[in-house]
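Participant: First, the structure itself, so that you have it in front of you.
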Amino acid sequence: MCGIVGYVGSRRVVPILLEGLRRLEYRGYDSAGLVYQFDNQLVRYRAKGKLANLEAVVDEHVGVASGVGLGHTRWATHGAPTENNAHPHTDCTGELVVVHNGIIENYSSLKNELTAKGHVFTSETDTEVLAHLIEDCLQGDLVAAVRAALARVEGSYAIGVLWAKEPELLVAARNHSPLVMGVASDACYIASDIPALLPYTREVIFLDDCEMAVLRKGTYSILKVDDGCPLEKTISVIDWNASMAEKAGYRHFMLKEIFEQPQAILNTVSGRIVPDTGVVDLPEIGLDPAAVNNIERIALVACGTSWHAALIAKYWIEKWVGIPVEVDIASEFRYRRLLVNERVLTIAISQSGETADTLAGIRRAAQLGSKVVTVCNVVGSTMTREADGIIYTHAGPEIGVASTKAFTCQLAALFLLTLYLGQVRKTIDPVTQRKLGAALIDVAGVIETELPRLQAEVKTLIERYYESKDFLFVGRGLNYPIALEGALKLKEISYIHAEGYAAGELKHGPIALIDRDMPVVALAPRDSVYLKVVSNVEEIKARQGRLVLIGTSGDEHLSTLTEDVLYLPEVCEDLNPLLYTIPAQLIAYEIANRRGCDVDQPRNLAKSVTVE
Ligand code: F6R
241 MCGIVGYVGS RRVVPILLEG LRRLEYRGYD SAGLVYQFDN QLVRYRAKGK LANLEAVVDE
301 HVGVASGVGL GHTRWATHGA PTENNAHPHT DCTGELVVVH NGIIENYSSL KNELTAKGHV
361 FTSETDTEVL AHLIEDCLQG DLVAAVRAAL ARVEGSYAIG VLWAKEPELL VAARNHSPLV
421 MGVASDACYI ASDIPALLPY TREVIFLDDC EMAVLRKGTY SILKVDDGCP LEKTISVIDW
481 NASMAEKAGY RHFMLKEIFE QPQAILNTVS GRIVPDTGVV DLPEIGLDPA AVNNIERIAL
541 VACGTSWHAA LIAKYWIEKW VGIPVEVDIA SEFRYRRLLV NERVLTIAIS QSGETADTLA
601 GIRRAAQLGS KVVTVCNVVG STMTREADGI IYTHAGPEIG VASTKAFTCQ LAALFLLTLY
661 LGQVRKTIDP VTQRKLGAAL IDVAGVIETE LPRLQAEVKT LIERYYESKD FLFVGRGLNY
721 PIALEGALKL KEISYIHAEG YAAGELKHGP IALIDRDMPV VALAPRDSVY LKVVSNVEEI
781 KARQGRLVLI GTSGDEHLST LTEDVLYLPE VCEDLNPLLY TIPAQLIAYE IANRRGCDVD
841 QPRNLAKSVT VE
């Protein structure tokens, strides 16, 4: 949430900042701003709304900028999304600026104290407190002043600071909000996330909590915030490239990412299943066989779409491995009494690896002695650095705010985990294991084949539904979480009210909602609960419900129930969720597109939720 970008080098800074902000806009788009050093002054531009508004303001000045600057794209926490609340924020003199991602929790008491000392505030943000606090501590040494100010701050932050009197210096720091430094032969960068750096460098340094970076032209150093001691940090090389974070001819990132799923799933599986034997190898999981055999219970922790992946993994692990699994929404997990100990394996599932609640959850679990493994997409993210073990999903950068390919890759990774646990604990026989591994690879091929046809069919189908105000999605067993996911996708990008239900729950209340204005999408593959789902569908039909059915090719019965059936080939029952999520994604995408919604940047949302 919120994206920050900074540059220290010799090139014109404004185009670099704008390109960085364009690549970070998925983190927030309530307002944007930038600042650069020029002629011993700070030149600042801010605009309410999307980045395009800022670009319109700064365009004519691009030619005059020097090589040091900061940019920010905002997801509002404190203060409305106005130009006045847009970052960068300044101190009283206008000579010091701050950009910030996070929340300063004690901002109110600091503001009172600084106001009493004569500081004049001009915004409603928590961030502005930082600018005045640093000003208050400043006695000629910006690095010392930032350190002194941060010693007084409670909360989360990734910040960048410039001072007009030190035109070649940029100071950055982090605590509980992501910040990565990019290193090139002629320049240094800071950014909230890797995509902003990809056009310039793939060599990065991940800052950890309570660390700061001091960037000067031609040099940089990393220090501890508390005592100022220098730190040796390793440079990591990222294997993503700049074009992976482009639209590549697709109208939206979301559509591109839907179509990337077959390859992304294969990338996630690649090298992890030994071809002839089906043996699963997860070298980074950080659990030896004794540790796997000692697991008494698994706690799965995640938010949003990643939580839906966790719900599916519970079915798989309990079925194939026989270990009890609890699934928690991270914002609940972190605050309840946790019955977690060294015999419980905690698994955090996260695309970004930066979600504040999930991070807090794994920290609590680790304190209680639990081993922590993360299923994560972003290399070097905070979760991957704090966990004992990692299973990377190899989805590539996911830019669309609505998660698609990260979700199916999480499912692929969690299925691999299930096979791995079953292999070590000998709960899956080798023949079955080989078949299940092969089925996982096959499902990627089926998605690849079916996607173009499905998109065309969904496009036609939604003409009859796109104006609806409400939707229900229902499914049973492994497809119940897909019903939740279908409803989440639809509501977040089309703003249509949608709910997901376990089909068997309908008659316990929600069936009262059924009428001609409440379309129901029912997931009805020919699986072990097929007949039960069909009974529920009959109950909906009997109440004049409008039905969209998604089922198995050749199942003629479905077309007697409604004219709107999307057929999918039969795959291994366990892997139906990977396949059945595809039409659900397409329904959400095509409806949102038809309604003229901003698919990649839905209102009020931001991709990486780094505040609680
Ligand atoms: C929905 C969506 C969110 C994320 C959630 C967790 O399409 O993308 O619900 O799944 O914010 O994010 P990560 O996986 O980064 O922890």
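Residue numbers are given in my numbering: position 136 of the sequence shown equals residue 376, and the series is strictly consecutive.
In this text, a Cβ means the ideal position worked out from N, Cα and C, and glycines have one as well.
Fair warning: this is a prediction, and the values are worked out from it, not measured in the lab.
Starting from the C-beta of Y706, find all residues in its chain whose C-beta is less than 7 Å away, skip the five residues before and the five after it, and write them out in chain order.
Facilitator: I831, R834, R835
Participant: Would you say the beta carbon of A642 is closer than 7 Å to some non-hydrogen atom of the ligand F6R?
Facilitator: Flag set: Cβ of A642 near the ligand F6R.
Participant: Identify the residues that DSSP records as bridge partners of W403: which are they?
Facilitator: L336
Participant: Using only CA atoms, which one of L350, L354, V338 lies nearest to R414?
Facilitator: V338
Participant: Report the partner residues of E451 according to the DSSP bridge assignment.
Facilitator: R414, K464
Participant: Could you please give me the residues that DSSP links to E443 through a beta bridge?
Facilitator: V477
Participant: Leaving out the 5 sequence neighbours to the left and right, which residues in its chain are closer than 8 Å to G717 when beta-carbon positions are compared?
Facilitator: Taking G717 as the centre and dropping the five residues before and after it, the same chain places the C-beta of Y555, D767, S768, V769 closer than 8 Å to its C-beta, in chain order.
Participant: Taking DSSP as the reference, what is the three-state secondary structure of T622?
Facilitator: DSSP places T622 in helix when its eight states are reduced to three.
Participant: Is the beta carbon of G744 sitting closer than 8 Å to the one on K772?
Facilitator: yes
Participant: Rounded to whole angstroms, what's the CA-CA distance from D516 to L818? Just pull it up for me.
Facilitator: 24 Å
Participant: Tell me the rounded alpha-carbon separation between G511 and H634.
Facilitator: 12 Å
Participant: Would you mind listing the alpha helix (DSSP H) stretches within the stretch 543 to 570 that are 4+ residues and don't spill past its ends, in chain order?
Facilitator: DSSP runs (the alpha helix (DSSP H)) wholly in the stretch 543 to 570: 544 to 560.
Participant: Between the alpha carbons of E638 and G380, how many angstroms are there, rounded?
Facilitator: Rounded to whole angstroms, the separation of the alpha carbons of G380 and E638 is 42 Å.
Participant: How close, in whole Å, do the beta carbons of P407 and N280 come, if the pair is a contact with beta carbons under 8 Å?
Facilitator: 6 Å
Participant: In the DSSP assignment, what are the bridge partners of R456?
Facilitator: L409, T459
Participant: Nearest-angstrom Cα distance between F573 and V541?
Facilitator: Put simply, the backbone Cα of F573 is about 7 Å away from that of V541.
Participant: What would DSSP say about P670, mapped onto helix, strand or coil?
Facilitator: helix
Participant: Looking at the strands, I want to know which residues DSSP matches up with Q281.
Facilitator: F278
Participant: Since T322 is in the alpha helix (DSSP H), which residue starts that stretch and which ends it?
Facilitator: Looking at the DSSP string, T322 is not in any alpha helix (DSSP H), and its letter there is neither H nor E.
Participant: Going by beta carbon distance, what residues of the same chain come within less than 7 Å of L551, once the five residues before and after it are set aside?
Facilitator: V567, P721
Participant: Work out the CA separation of D366 and I344 for me, nearest whole Å.
Facilitator: Each residue's CA atom was taken as its position, placing I344 and D366 some 6 Å apart.
Participant: Once DSSP output is grouped into helix, strand and coil, what is the label at G677?
Facilitator: helix
Participant: Quick check on M856: does DSSP put it in helix, strand or coil?
Facilitator: Any question about residue 856 goes unanswered here, given that the chain covers just 241 to 852.
Participant: Run the proximity test for S848: is its beta-carbon closer than 7 Å to any non-hydrogen atom belonging to the ligand F6R?
Facilitator: yes
Participant: By the 10 Å Cβ neighbour count, where 16 or more other Cβ atoms means buried, how is V360 classified, buried or exposed?
Facilitator: Counting Cβ neighbours within 10 Å, V360 comes out exposed, since fewer than 16 surround it.
Participant: Report the partner residues of V423 according to the DSSP bridge assignment.
Facilitator: C428
Participant: Which residue from A570, T598, I587, P529 puts its Cα closest to that of S610?
Facilitator: I587
Participant: Do L261 and G243 have their C-beta atoms closer together than 8 Å?
Facilitator: yes
Participant: With a threshold of 16 other CB atoms inside 10 Å of the CB of V761, please say whether the residue is buried or exposed.
Facilitator: buried
Participant: Taking 7 Å as the cut-off, is the CB of L728 close to at least one heavy atom of the ligand F6R?
Facilitator: For L728, the distance from the CB to the nearest heavy atom of the ligand F6R is below 7 Å.
Participant: Which residues bound the beta strand (DSSP E) around E524?
Facilitator: Looking at the DSSP string, E524 is not in any beta strand (DSSP E), and its letter there is neither H nor E.
Participant: Can you tell which of C543, V615, I374, A398 has its C-alpha closest to the C-alpha of G526?
Facilitator: V615
Participant: Is R314 helix, strand or coil by DSSP?
Facilitator: Three-state result, R314: strand.
Participant: Keeping to the same chain, check which residues put their C-beta closer than 7 Å to that of H234; ignore five residues upstream and five downstream.
Facilitator: Any answer about residue 234 is impossible in this case: the structure gives the chain only from 241 up to 852.
Participant: Which residues bound the beta strand (DSSP E) around S590?
Facilitator: Here the beta strand (DSSP E) through S590 covers 584 to 590.
Participant: Please state the DSSP three-state secondary structure of C469.
Facilitator: coil
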